[in-house]
Amino acid sequence: MERLNLIELSEMQQYKKENENYQKENERLREFSLELFKEGFKLGFEKGCIAAREKREKIESEIIYED
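Sequential numbering from 1 applies to the sequence shown in the UniProt record's numbering.
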């Protein structure tokens, strides 16, 4: 009976350790995903700003040529 309890205790400790490792890995992946999102958002924002600026310049140049 004691041996069975020791095996169960060992398995519980192993499960707890694996669970902690999974939690750490999940946190690391969550942080990595957040960084990727931030970087993608920044690149998209910059691309959008550049496109808007080019469109504005094109419209302004068309207005100048019409006058």
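A virtual CB, placed ideally from N, CA and C, is assigned to each residue, including glycine.
State the Cα-Cα distance for the pair residue i and residue j, rounded to the nearest angstrom.
i	j	result
Asn-21	Phe-37	24 angstroms
Phe-41	Ala-52	16 angstroms
Arg-3	Tyr-15	18 angstroms
Arg-28	Asn-5	34 angstroms
Ala-57	Phe-45	A small correction: the amino acid at residue 57 is Glu; Ala does not occupy that position in the sequence shown. Roughly 18 angstroms between the two C-alpha positions.
Glu-62	Glu-39	35 angstroms
Gln-23	Ser-33	15 angstroms
| Which residue spans inside the region 2-28 form an unbroken beta strand (DSSP E) run of at least 3? | At a cut-off of 3 residues, not a single continuous stretch assigned as beta strand (DSSP E) sits fully inside the region 2-28.
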